[in-house]
Amino acid sequence: MVYGHFRYRRIHLPHHSIIHLPYITMKKISLLISALAGVLSFAQTSPLVIQNYSAYNAEGRMRTGLPGGASGPYMYAAPNLPYGTYTVPAGASTQYNTFSTSGTALLPITTWYVTDPTNPANNGAYAYNHPFISSVMNVTNVWAGFHFFLKDPVTGNGTDTYQIGDPTVDPWFTSSATGTYSSADWFTITTPSGPTTYLQIF
């Protein structure tokens, strides 16, 4: 009887491992895939609205990056004509829905300068509608921030300088700052349709 009971238990345990453990493992894998899908969905570029309510032109470098400051490709916006650097004129507003449609915005970004420390072969200038921007950068990057000077549109004299953006993407950025003649804020509002990031200059 003891021997038979022992044999029964030896048969039962493999049955449990064959039938139930793979189910548990598959369930964990399914949850992991769902979690990764959520991360990728969050990482996809979301709209950026820039509103310059100040009397000065905002001139500088608009940057993207990977969520959490992870290493990988990032990019800077090329100058928007007729300016020599990326510029949001005094009193102007614009919206970028994605990196790959930025060339159609009111203040168009027609070219992106990509730097990829993990694969230098990707470095270079890309048209906004290049497949690399839509297939790689749209999926992996988010808006990081804007390092800019405020300049008088008539005299060209500078006033305040800011590094405004998401410090979780790049620690050099801050989400809010006040200068001598102005202030700037970077924030994200999430609605049922998704997140939208705002840069406001006052």
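Start counting the sequence shown at 22; every next residue gets the next number (the working numbering).
Think of the CB as a built atom: it goes at the ideal place given N, C-alpha and C, for glycine as much as any other residue.
Output yes or no for whether 8 angstroms exceeds the beta carbon distance between residue i and residue j.
i: residue 196; j: residue 188; result: yes
i: residue 97; j: residue 84; result: yes
i: residue 124; j: residue 144; result: no
i: residue 201; j: residue 173; result: no
i: residue 138; j: residue 92; result: yes
Determine which residues share a DSSP beta bridge with residue i and list them.
i: residue 133; result: 98 and 147
i: residue 69; result: 117 and 218
i: residue 223; result: The partner list for residue 223 (beta bridge, DSSP) is empty, contrary to what the question assumes.
i: residue 161; result: DSSP lists no partner for residue 161.
i: residue 86; result: 163
i: residue 76; result: In DSSP, residue 76 forms no bridge with anything.
i: residue 194; result: DSSP lists no partner for residue 194.
Could you check if residue i is buried or exposed, using at least 16 other CB atoms within 10 Å of its CB as the buried criterion?
i: residue 133; result: buried
i: residue 94; result: buried
i: residue 89; result: exposed
i: residue 218; result: buried
i: residue 167; result: buried
i: residue 178; result: exposed
i: residue 112; result: exposed
i: residue 77; result: buried
i: residue 146; result: exposed
i: residue 140; result: exposed
i: residue 163; result: buried
i: residue 185; result: buried
i: residue 81; result: buried
i: residue 210; result: exposed
Quick one: give me the first and last residue of the beta strand (DSSP E) that residue i is part of.
i: residue 154; result: Careful: residue 154 lies outside any beta strand (DSSP E) and carries neither H nor E.
i: residue 183; result: 179-186
i: residue 206; result: 204-212
i: residue 197; result: 197-199
i: residue 107; result: 107-109
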